[in-house]
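Trainee:
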Amino acid sequence: LCELFLQEVFKKGDITLLDSETILTINKFFENDLNVSETSRQLFVHRNTLVYRLEKIYKLTGLDLRKFDQAIIFKVAMMVHKYLVSNSMKI
1 LCELFLQEVF KKGDITLLDS ETILTINKFF ENDLNVSETS RQLFVHRNTL VYRLEKIYKL
61 TGLDLRKFDQ AIIFKVAMMV HKYLVSNSMK I
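Note that UniProt numbering gives residue 59 to position 59 of the sequence shown, counting from 1, and the numbers run on in steps of one.
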């Protein structure tokens, strides 16, 4: 069921396509309540660089993280993926 959810969410790609820098960017963006300016300041990157990264995520996943409803879907998908990875390591 969890795998089906991830397939449905990531129709255009897969969460595993995201590198560690992109995951860090996403987590920081969520920590800052989807605030582009504050996130770019904390990541020490130009605002346009962050916008470019968010566009790259959109192209890979089909989800625009600047939109709350899509950001929530992505966050839940990340949690499901983390759960699946942790359970596979326990076996």
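Every residue, glycine too, gets a C-beta built ideally from N, C-alpha and C. Nothing here was measured: the structure is a model prediction, and the numbers come from that model.
Counting only runs of 3+ residues fully inside the UniProt domain "PucR C-terminal helix-turn-helix" (25-79), write out the beta strand (DSSP E) ranges in chain order.
Mentor: none
Trainee: Do Leu63 and Ile73 have their beta-carbon atoms positioned less than 8 angstroms apart in this structure?
Mentor: Residue numbering aside, residue 73 sits at position 73 when the sequence shown is read from its first letter. Residue numbering aside, residue 63 sits at position 63 when the sequence shown is read from its first letter. Closer than 8 angstroms, so yes.
Trainee: If we count the other Cβ atoms within 10 Å of its Cβ and call it buried at 16 or more, is Leu41 buried or exposed?
Mentor: As a first step, residue 41 is located in the sequence shown; it is residue number 41 there, counting from the start. In the sequence as displayed, the identity of residue 41 is Arg instead of Leu. By the neighbour-count rule (16 or more Cβ atoms within 10 Å), Arg41 is not buried but exposed.
Trainee: Hey, quick one: how far does the alpha helix (DSSP H) through Leu6 stretch, first residue to last?
Mentor: Counting from 1 along the sequence shown, the entry for residue 6 is found at position 6. Counting along the chain, Leu6 sits inside the alpha helix (DSSP H) bounded by residues Cys2 to Val9.
Trainee: Looking at C-alpha atoms only, which residue of Phe5, Cys2, Thr22 and Leu4 is the closest neighbour of Leu60?
Mentor: Along the sequence shown, read from residue 1 onward, the residue named residue 60 stands at position 60. The shortest Cα separation from Leu60 among Phe5, Cys2, Thr22 and Leu4 belongs to Thr22.
Trainee: In three-state DSSP terms, what is Leu18?
Mentor: As a working mapping, residue 18 is identified with position 18 in the sequence shown. Here Leu18 sits in coil by DSSP.
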